[in-house]
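Protein chains in written order, with the numbering used here: chain A, 248 to 556; chain B, 8 to 361.
Yeah, the Cβ is synthetic: ideal placement off N, Cα and C, and Gly gets one too.
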Amino acid sequence: MGFFLETLIGGLMSGMLYSLVALGFVLIFKASGVFNFAQGAMVLFAALAMARFAEWLPALTGLDNKVLANVLAFAGAMVVMVLLAWVIERLVLGKLVNQEAVTLLMATLGITYFLDGFGQTLFGNDIYKIDIGMPKDPMFLFENIFQGGILVSKEDLYAAAIAAALVTALSVFFQYTTTGRALRAVADDHQAAQSIGIPLSRVWVIVWSVAGFVALVAGMIWGSKLGVQFSLSVLALKALPVVILGGLTSVPGAIIGGLILGMGEKLSEVFIGPMVGGGIEIWFGYVVVLLVLLVRPQGLFGEKIIDRV
Amino acid sequence: MLYRENGQFKTSYRADQQIFPILQDRIAIALVLVLAFVVVPFVASEYLMRAILIPFLILSLAAIGLNILVGYCGQISLGTGAFMAVGAYAAYNFQVRIDGMPLIASLLLGGVCATVVGVVFGIPSLRIKGLYLAVATLAAQFFVDWAFLRISWLTNDSSSGSVSAAGLQVLGLQIQSPASKYLFCLVFVTVFALLAKNLVRGAIGREWMAMRDMDVAAAVIGIRPVYAKLTAFAVSSFIVGVAGALWGFVHLSTWEPAAFNLNRSFDLLFMVIIGGLGSIMGSFFGAAFIVVLPIVLDNMPYWFGIPIDTALAAHLTSMIFGALIVFFLVVEPHGLARLWSIGKEKLRLWPFPH
C-alpha cells in the first residue's frame, strides 16, 4: 500500500509538470487556433536562455548574489521569450492567417526545428544546470501509518506548488484583467473580437508571450530537476496526450489531464509494465487518450464540437 | 508558344478523360520516363543513386500514400512512420519464415499487413476529427515503435529489433547493384503512382475529396463516411507499407525500429505539405525537396571550404531547415504543385500574355 501511494504521488508530481507544458498549448490554441507544436522547443529555448544568463551575469558583472542573478536571468529569459513571440507573430502567424489547421501545425513544426537549432547554436549544447536553490533531499510522510513511510521528493513538492501558483495567477489574469478579457474574446470569435476593436496581432503577441512565460517556468522547474538539455524539447510529446485528454480549449482540463496521465503512466509502468516487457510509459498516455476520445471526441473538458453544414 | 492546347480536339470520352489531355504533357511525361528508365541507370554515379535517387523514389511513394490520406481525404496523420515500419517488418517476416517466398510477394504482403494496422488505427477517425485525430495517430507511432523493440516474435527474435535482408532477387535476377535497386524502386513507384492517380480521379477519389471538404455535407448527399474514410486509410497505408518495405529491403538492408521513428512521419508530412496537398505530382516535388535539402545543407560548409564544428553544423542545418519550411509555407501555402501549375498557366500564354 505504501509503495502504491508512493508511485501515485510520484506520478501526480510529474503529471503537474506535464500540465505546465500542456498549459502553453492550450493558451495558444484557445487564442489563435494554432496547435503549437513548438511548445516543447520553447521550453528548451527558455531554459537554455535562463541557465546561460545565470552563468554569464556573475561572470560579466561580478555579481555575487545568487538569488539576484537568478532573478535577473529569469527576467532576461522572459525578455527573450517576448521578443520571440513578437518575431513569430510578425514573420509566421501574421502571414498564415486563414490557412488550414494542418499548414499551421507544420509551420509550428518548422519553428520547432528552427528553435532547437537556434537555441543550441546561441547558448551551446552541453547539459547546463539551473540552480534556484530547490532542496534535493527526500522526505518521508505518514511514517506512523505505513512502515518506512512514503518517500516524497521535496523538490517535486515545491515544483507542484509553483505550478499551482502559476495556474491560479493565470486564471486571475484571464478572468479579471482587461487584457485577459480581450484574450477570451479573441478565443471565442476572432472576427467578432476584431470588429469591436480588439487588435488581433497584439493579442497574439501577448498570448505567445504568456505561453513563453509558462514555457520559461516549466523549463526552469524541469531544468533544475533534470538539467537543461536537448531532451527537454521532447517534453512536448509527453504533453500532447495531456492536452488532448483534457480538451484543447480547457485550462482546467490541461491540469487535470496532466494529473491523470502522470499518475496513470507511473502506475502502469510499475504494475503492468513488467508483464509486457516494460517501457510502456511511452505509449500508455496515447492509448488512454485514444480510448477516451472514442467516447468523448472533444476530450474530457473541451467544448462540445457541433457539426454544421 | 510550344505549350498550348489549341487545335487538340477531343472526339471521344476516352480522349476527354485521359490523365494528360494535352499532347505536350504526354510527350514530356514520356521523355521523363525514358530518361528515368533508360538514361539515368547508365549515367548516374553510384553515390547519386544510393544517397539521393533511391531514397527519393521510395519516399515519393510513401508521400503519395500519405497524400491520399491527408491531401485527398483530409485526415491528418502523424503515424506514417509506424505504417512504414509495419510494412517493412511484415515483409521481413514473410521473407524469413516462409521458404522460397518471392520478394515482390512479400513486399506486397507487407503492404497488406500495413493496411490492416492502418484500418485499425483509422477507426477512431470516424469519431475524432482534425487535430484530435492527428494526436490520436501518434498512438500508432509510439505503439508500433515499442512493439518492434520489445516483442521479439515480431522481429524473429533478433536483439533490439535490428534485422537485415540480404540476397534480394526477383525472378532469378540479383538486386545488388545500385542501378538494379534503382530500377526496382522505379518500377514500383511508376506503377503505384499510376494506380493512385487513377484512384483519385475515379468515384472513390471524389468521395474522399467530398469527405475532406466537408464531411457532414458529404454524408448528407449519400457518401458513406465509414467507407470513404476507411478506404482512404486502407489505400494510404498499403502504399505507405510497401514504401516502408522497400525502404527497409532495398535502401537500408539492415534496419531497426528507429529507422521509422516520429521524425520519419514528420518528414513525410513535410513532403506532402511542401509538395502540395491533394496532388500526386506534388508528392514527387516534396520528396525531392526534403531528400535533397539536408544533403545540400550538410555539404554546404565543405563546398565553400569553411571549417565548421560538426555539432554546430548539425544545429545550423536544423535551423535552416526549419526556417526554409516556414518560408515555403508562408510564400506558397499550397505547395510546389501550385507553383508548377501557375508556371504551366503562364507558359500557355507565353510570349503574348494579355
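As an exercise, report each continuous alpha helix (DSSP H) stretch of at least 4 residues that is fully enclosed by the stretch 87-162 of chain B, in chain order. 87-104, 110-129 and 137-157
Amino acids of chain B, ordered along the chain, whose beta-carbon sits closer than 7 angstroms to that of A:A354: As a working mapping, residue 354 of chain A is identified with position 107 in the first sequence. Ordered by position in chain B, the residues that pass the 7 angstroms Cβ test against A:A354 are V333 and L336.
Anything in chain B within Cβ reach of A:G526, meaning under 8 angstroms, just list it in chain order. As a position in the first sequence, residue 526 of chain A is number 279, starting the count at 1. Those are W153, L156 and R157, listed as they occur along chain B.
Step through the CB atoms of chain A and report whether any lies within less than 9 angstroms of the CB of B:T324. What you label residue 324 of chain B is simply residue 317 of the second sequence in a count that begins at 1. Cβ-Cβ to chain A under 9 angstroms: yes for B:T324.
At a cut-off of 8 angstroms, is B:T87 close to the ligand SAM when judged by its beta-carbon and the heavy atoms of the ligand? Here there are no bound small molecules, and the ligand SAM is not part of this structure.
B:G248 and B:G78 - do their beta-carbons sit closer together than 9 angstroms? Walking along the second sequence from the start, residue 78 of chain B turns up at place 71. Walking along the second sequence from the start, residue 248 of chain B turns up at place 241. Cβ atoms of B:G78 and B:G248: not closer than 9 angstroms.
In this structure, does DSSP put A:V215 in helix, strand or coil? As shown, chain A starts at 248 and ends at 556. That puts residue 215 of chain A outside it, with no answer to give.
Looking only at its own chain, which residues have a Cβ that is under 6 angstroms from the Cβ of B:W262, when we skip the five neighbours before and after it? Here residue 262 of chain B is taken as the residue at index 255 of the second sequence, counted from 1. Only G255 meet the Cβ criterion.
Tell me which same chain residues have a C-beta within less than 6 angstroms of the C-beta of A:M260, skipping the five on either side of it? For the purposes of this step, residue 260 of chain A is identified with residue 13 of the first sequence, where counting begins at 1. If we look at A:M260 and ignore the five residues flanking it on each side, its Cβ neighbours are D403 and A407.
Quick check: is the beta carbon of A:V556 nearer than 9 angstroms to any beta carbon in chain B? As a working mapping, residue 556 of chain A is identified with position 309 in the first sequence. Yes - at least one Cβ of chain B is within 9 angstroms of the one on A:V556.
Is A:Q476 closer than 9 angstroms to A:D373 when the C-beta atoms are compared? On the first sequence, residue 373 of chain A is found 126 positions in, with the first residue counted as 1. On the first sequence, residue 476 of chain A is found 229 positions in, with the first residue counted as 1. For A:D373 and A:Q476, yes; Cβs fall inside 9 angstroms.
Any beta carbon from chain A within less than 9 angstroms of B:I297's own beta carbon? In the second sequence, counting from the first residue as 1, residue 297 of chain B sits at position 290. Residue-level contact check: B:I297 does not touch chain A, since none of the beta carbons of chain A fall below 9 angstroms from its beta carbon.
Which whole runs of the alpha helix (DSSP H) in the stretch 160-241 of chain B are 4 residues long or more, in chain order? Within the stretch 160-241 of chain B, the complete alpha helix (DSSP H) runs of at least 4 residues are 185-208, 210-220 and 222-227.
Please report whether the beta-carbon of B:V223 lies at a distance below 9 angstroms from any beta-carbon of chain A. For the purposes of this step, residue 223 of chain B is taken as residue 216 along the second sequence, with counting starting at 1. Closer than 9 angstroms to some Cβ of chain A, the Cβ of B:V223 qualifies, so yes.
Kindly give me the distance between the Cβ atoms of B:F277 and B:I332, rounded to whole angstroms, as I take these residues to be in contact under 8 angstroms. What you label residue 277 of chain B is simply residue 270 of the second sequence in a count that begins at 1. What you label residue 332 of chain B is simply residue 325 of the second sequence in a count that begins at 1. Between B:I332 and B:F277 the Cβ distance is about 6 angstroms, and since that is below 8 angstroms, they are a contact.
Let's see if you can read the secondary structure: which residues bound the alpha helix (DSSP H) around A:T426? Here residue 426 of chain A refers to the residue found at position 179 when the first sequence is read from its first residue. Counting along the chain, the alpha helix (DSSP H) containing A:T426 begins and ends at T425 to D435.
The alpha helix (DSSP H) that contains B:W357, what's its start and end? In the second sequence, residue 357 of chain B corresponds to position 350, counting from 1. No alpha helix (DSSP H) contains B:W357, which DSSP labels as neither H nor E.
CB contact check: B:V142 to chain A, cutoff 9 angstroms: Reading the second sequence from its first residue, position 135 is the one you call residue 142 of chain B. Judged by the 9 angstroms Cβ criterion, B:V142 is in contact with chain A.
If contact is defined by three or more beta carbon pairs under 8 angstroms, each pair taking one atom from either stretch, is the stretch 502-511 of chain A in contact with the stretch 262-272 of chain A? yes
Quick check on the burial criterion: 16 or more other C-beta atoms within 10 angstroms. Buried or exposed for B:G179? Here residue 179 of chain B refers to the residue found at position 172 when the second sequence is read from its first residue. B:G179 comes out exposed.
Can you give me the Cβ contacts of B:M221 inside the same chain, cut-off strictly under 6 angstroms, excluding the 5 residues immediately before and after it? As a first step, residue 221 of chain B must be located in the second sequence, where it is residue number 214. Setting aside the 5 residues that flank it on each side, B:M221 has no residue in the same chain whose C-beta is closer than 6 angstroms to its C-beta.
Simplified DSSP state of A:S400, which is helix, strand or coil: As a first step, residue 400 of chain A is located in the first sequence; it is residue number 153 there, counting from the start. Of the three classes helix, strand and coil, the one that applies to A:S400 here is strand, per DSSP.
If the criterion is Cβ atoms closer than 9 angstroms, does the pair B:F90 and B:A172 meet it? Within the second sequence, numbered from 1, the residue matching residue 90 of chain B stands at position 83. Within the second sequence, numbered from 1, the residue matching residue 172 of chain B stands at position 165. Not in contact: B:F90 and B:A172 (Cβ atoms no closer than 9 angstroms).
B:S67 lies in the alpha helix (DSSP H); which residues open and close that run? Taking the second sequence and counting its residues from 1, the one referred to as residue 67 of chain B is at position 60. Run containing B:S67: I61 to N74, per the alpha helix (DSSP H) assignment.
To be precise: take each residue of the stretch 320-344 of chain A, compare its Cβ to all Cβ atoms of chain B, and keep it if any distance is under 7 angstroms. Which residues remain? V339, K342 and L343
Do B:F267 and B:V124 have their C-beta atoms within less than 9 angstroms of each other? Here residue 267 of chain B corresponds to residue number 260 of the second sequence, with the count starting at 1. Here residue 124 of chain B corresponds to residue number 117 of the second sequence, with the count starting at 1. No, Cβ-Cβ distance for B:F267 and B:V124 is not below 9 angstroms.
I'd like to know if A:P521 contacts chain C, where contact means its C-beta is closer than 9 angstroms to some C-beta of that chain. The chain inventory of the structure shown lacks chain C, comprising the protein chains A and B.
Could you check which residue in B:A295, B:P340, B:L156 and B:C192 has the C-alpha nearest to that of B:A265? Taking the second sequence and counting its residues from 1, one reaches residue 265 of chain B at position 258. Nearest option by C-alpha distance: B:L156.
Relative to chain B, which residues along the stretch 360-373 of chain A have a C-beta separation below 7 angstroms, given in chain order? Y360, F361, D363, G364, F365, Q367, T368 and N372
Determine the closest residue to A:G494 out of A:W455, A:I552, A:Q441 and A:K513, with distance taken between C-alpha atoms. If you number the first sequence from 1, residue 494 of chain A lands on position 247. It is A:I552 whose Cα lies nearest to the Cα of A:G494.
Using 10 angstroms around the beta-carbon of B:W160, count the other beta-carbons present and answer buried if the total reaches 16, otherwise exposed. Here residue 160 of chain B corresponds to residue number 153 of the second sequence, with the count starting at 1. Its Cβ having fewer than 16 others within 10 Å, B:W160 is exposed.
Can you list, in chain order, the residues of the stretch 491-504 of chain A whose Cβ is nearer than 8 angstroms to any Cβ on chain B? I491 and L495
Closer than 9 angstroms to chain B by CB, A:A458: Position 211 of the first sequence, counting from 1, holds the residue named residue 458 of chain A. No, A:A458 lies away from the interface with chain B (no Cβ there is under 9 angstroms from its Cβ).
In chain B, which residues lie with their C-beta within 7 angstroms of the C-beta of A:A348? For the purposes of this step, residue 348 of chain A is taken as residue 101 along the first sequence, with counting starting at 1. In chain order: G137 and L138.
Should A:I358 be flagged as near chain B, meaning a C-beta pair shorter than 9 angstroms? Within the first sequence, the letter at position 111 stands for residue 358 of chain A. Chain B, which has a Cβ nearer than 9 angstroms to the Cβ of A:I358, makes this yes.
Would a check of beta-carbon distances place B:G283 closer than 9 angstroms to chain A? Within the second sequence, residue 283 of chain B is the residue found at index 276, counting from 1. Chain A, which has no Cβ nearer than 9 angstroms to the Cβ of B:G283, makes this no.
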